[in-house]
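Residue numbers (my numbering): 4 to 546. Cβ atoms here follow ideal geometry from the backbone N, Cα and C, with glycine treated the same way. None of the values given here were measured: they were computed from a predicted structure.
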Amino acid sequence: MRDVTHDVPALHRRSFLKYTGALSAAAAVSASLSACSSGPESTNDTGGGGGGTDRTLTAVIGYGNDGSWDPTQTASAFAMAGNHHIYEGLLDTDPISREPYAALATQVPADPNSTSWRFTLRAGAKFHDGKPVAADDVVFVFDRILDPKTQTLAKGFFASWLKEVRKIDAQNVELVLKFPFPDGISRLTLAKIMPRHVFSQPGAWDDAIKGKAIGSGPYRQTAHHPKSNTTFEAFTDYNGPRKPAFRKMNWLTIVDAAPRVARISGASAGAQISDNIPYANITQLEKSGLTVAGGAGMNNLFLMFNTRHKPFDDVRVRQALHYAIDTEKMVQVALKGHGKPSSSFLNESNPGYRRAKTVYDYDPDRAKALLKEAGVTGLKVNILAVNVSWIVDCLPTIKSSWDAIGVQTTLEPQETTAVFTKMDQKQDYQVVAAASNPNQFGLDADLIMHYNYGPTNLWMQYTRWADNSVAEQLFKDMDQATREPDPDRKKTMVQDYIDVVAEQAVLYPVVHNELITAWNPKLLAGIRAQPYPGINLLQAKWS
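Rendered as structure tokens:
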């Protein structure tokens, strides 16, 4: 089964297939993926100009590289990982702890609770075309994000709390907040500063979607071959905090699991690092001398119900189907122990985690009782699922669990594009099973929950639930929590509304699982496995 990863949809209409990596992932599922064999010559170039520290670092990414590269729009795993090396925010965050550090700005705000954050740009910072970075570029990006007439994914991360961004002078800007919002500091990494003189030109945003990338970060993009590879080179004029350690990098997109593993395996391995390692290959790769490490985070298999399709408008039916799933069996058989049954919308290591009041521990008797209470008999369910390899591995457990309580279940795994095209076209469906990982954007619970739930949210359009009275109250509670200044009170408010999300089970995770990265420790140092797709090499170096 092909490994097609569902990069999480953007939050606005008509954007999913155009802007996210879901299109790229599914499109990459062509026979004999070009990255594996017959792509451009640079695809198979693993030497790239010299030995020692001058040699090219070759990485394998298990996701498509032909999604949008526009930093204000993309949810593509490949593009987001690449953009972290090409662009800078005023602040960026550590890829694991997510602690903010000064990137284009010279320092982190001293008072996170202030409603005015002033930033001075780093002296001598240049874009990859040689032009200096200026306050106009910062204002340009934030104006696009906050423009009510422009629908961007980034708007969902900023518009609720950020009022405006003002130019003070050529090197200084001020962010004006609607209310104190300390979590916004970490979110500034999601606003990558782009050159106004480039992306204000007619058609430039479409070029960004297609892969044009010019930033001020430590690496500049040197070539981009959709469905094949993207290459990078150290930016010699970079004077920021994350110095480039590799003269050249070649990132291959290999969506198929077997050739991805083969590229990093053996004495003649053509790559030094790969993400998205299948669980079944961990032991093999470790025996060959590679370091294989997992990152446990928000990555999850979720079920999404069409609440306009009876009987899924009845919360008891949705709950019954969750209680019926043998999640422990799913973790052991499908995930080889690399996961946990969900006990909240958030994963257990999230700082905002609290065990939900409603936890769907395996309870087939309770499932039967709930169906009986709802007056549902002879239920037949078709599960429309993305064909991500680990999702497909989990589907038989769902089917056998539902069949066991008398729910006749049919599995319909399809390419990700096919599934979400049907969603975007508002076609009828019963249940969708797919993968999601909001940790690409951050760790804070407010961000994660608003990404998935909200009155104009794309996910809620898919579920047809936003006009439900419970949903309307939920959205009000979420907005109140966003504005709550006391961090402990805010955390409790978020946990309380997550209890509502758990009880309603409209869009809810079944299991959270690990993502696995493998690398050659004899060649690379400073690598840390991420709990979300992609790689970050800003603190890595040759061994």
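- Of the candidates Leu149, Ile280, Gln417 and Lys134, the residue whose Cα lies closest to the Cα of Lys339 is Ile280.
- Counting only residues of its own chain and dropping the five nearest sequence neighbours on each side, Pro344 has a CB closer than 7 angstroms to the CB of Thr330, Glu331, Val334 and Val514.
- Under DSSP, Asp95 forms a beta bridge with Tyr104.
- If you look at His88, you'll find it in the alpha helix (DSSP H) that goes Ala80 to Ile89.
- Between the segment 225-243 and the segment 168-188 there are fewer than three C-beta pairs closer than 8 angstroms, too few to call the two in contact.
- At the C-beta level, Asn455 and Leu510 come within 8 angstroms of one another.
- The continuous stretches of alpha helix (DSSP H) do not include Leu382, and DSSP gives it neither H nor E.
- Between the segment 53-67 and the segment 269-289 there are three or more inter-stretch CB-CB distances shorter than 8 angstroms, so the stretches are counted as touching.
- Three or more pairs of CB atoms, one per stretch, sit closer than 8 angstroms, so the segment 290-303 contacts the segment 512-530.
- Taking C-beta separations shorter than 6 angstroms and ignoring five residues to either side along the sequence, the partners of Ala370 in its chain run Ala323, Tyr326, Ala327 and Ile408, following chain order.
- In the structure shown, Gly298 falls within a strand segment according to DSSP collapsed to helix, strand and coil.
- Exposure of Leu526 is indicated by the presence of fewer than 16 other C-beta atoms within 10 angstroms of its C-beta.
- Scanning the segment 175-207 for uninterrupted beta strand (DSSP E) segments of 3 residues or longer gives 175-180, listed from N- to C-terminal end.
- No Cβ-Cβ contact shorter than 8 angstroms links Met252 with Pro74.
- When Tyr356, Leu374, Ser403 and Gly269 are compared, the shortest CA-CA separation from Lys313 is found for Leu374.
- Contact between the segment 219-233 and the segment 241-248 is present: three or more C-beta pairs spanning the two stretches fall below 8 angstroms.
- Lys290 and Gln498 have their C-alpha atoms spaced approximately 43 angstroms apart.
- Between the segment 384-391 and the segment 407-425, the count of C-beta pairs closer than 8 angstroms reaches three or more; the two stretches touch.
- DSSP places Gln507 inside the alpha helix (DSSP H), whose first and last residues are Pro490 to Gln507.
- Under the three-state reduction of DSSP output, His325 falls in the helix class.
- Taking 8 angstroms as the cut-off, the Cβ atoms of Asn539 and Ala84 count as close.
- It is roughly 15 angstroms from the alpha-carbon of Thr485 to the alpha-carbon of Leu446.
- For Phe145, the enclosing alpha helix (DSSP H) starts and ends at Ala138 to Leu149.
- The three-state reading of DSSP puts Asn523 in coil, since its state is none of H, G, I, E or B.
- Distance from the Cα of Leu191 is smallest, within the candidate group Pro135, Leu107 and Gly65, for Leu107.
- In its chain, beyond the 5 residues on either side, Trp72, Asp73 and Phe202 have a beta carbon closer than 7 angstroms to the beta carbon of Ala211.
- Nearest to Asp172 by alpha-carbon distance, out of Thr466, Asp140 and Asp368, is Asp140.
- Considered as a whole, the segment 409-458 harbours 411-417 and 434-439 as its complete beta strand (DSSP E) runs of no fewer than 3 residues, in chain order.
- Annotation for Tyr356: no beta strand (DSSP E) segment contains it, and DSSP assigns it neither H nor E.
- By the Cβ criterion, the segment 255-263 is not in contact with the segment 94-106, since fewer than three pairs of Cβ atoms, one from each stretch, lie closer than 8 angstroms.
- Shown here for Leu541: same chain residues with a beta carbon closer than 6 angstroms to its own, the five before and five after excluded, namely Arg245 in chain order.
- If you draw a 10 Å sphere on the C-beta of Gly355, you find 16 or more other C-beta atoms in it, and that means buried.
- Under the three-state reduction of DSSP output, Asn284 falls in the helix class.
- In the structure shown, Gln476 falls within a helical segment according to DSSP collapsed to helix, strand and coil.
- Taking all protein chains in view, the Cβ of Thr310 is crowded by 16 or more other Cβ atoms within 10 Å, so the residue is classified as buried.
- Around the beta-carbon of Pro205, fewer than 16 other beta-carbon atoms lie within 10 Å, marking it exposed.
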